[in-house]
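Report on one structure; see the data block that follows.
Residue numbers (the numbering used here): 7 to 99.
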């Protein structure tokens, strides 16, 4: 997530199934992701306009997956139905 409101909304929608973190930027750094301890998979859920630098995460020692949001949406503006339609469990198997 980019911002704290995005993170709060995502945690509300996902509940105990996710540990949510705001990176406070549209371009999280590799260093930020490496600070996350004991994680095998990271789902990055950014605003649609922030995906230009995704390739830089390919060499990390963890599985990093992008979650693509509906056009014009960010995590903080998704409805419960839109979160359900993302089918986040597909990324966790």
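We put the beta carbon where it would ideally sit given N, CA and C, even for glycine.
Keep in mind that this is a model prediction, so the values were computed, not measured.
What residue from the options has the CA that sits closest to residue i's CA?
i	options	result
residue 52	90, 96, 95 and 83	83
residue 8	96, 20 and 50	50
Could you name the residues that DSSP lists as bridge partners for residue i?
i	result
residue 121	For residue 121 there is no data in the structure shown, the boundaries of the chain being 7 and 99.
Please state if the CB of residue j and the CB of residue i are separated by a distance shorter than 7 Å.
i	j	result
residue 15	residue 72	no
residue 75	residue 54	yes
residue 70	residue 48	yes
residue 38	residue 29	yes
In angstroms, rounded to a whole number, what distance separates the CA positions of residue i and residue j?
i	j	result
residue 79	residue 89	11 Å
residue 40	residue 66	8 Å
residue 68	residue 62	13 Å
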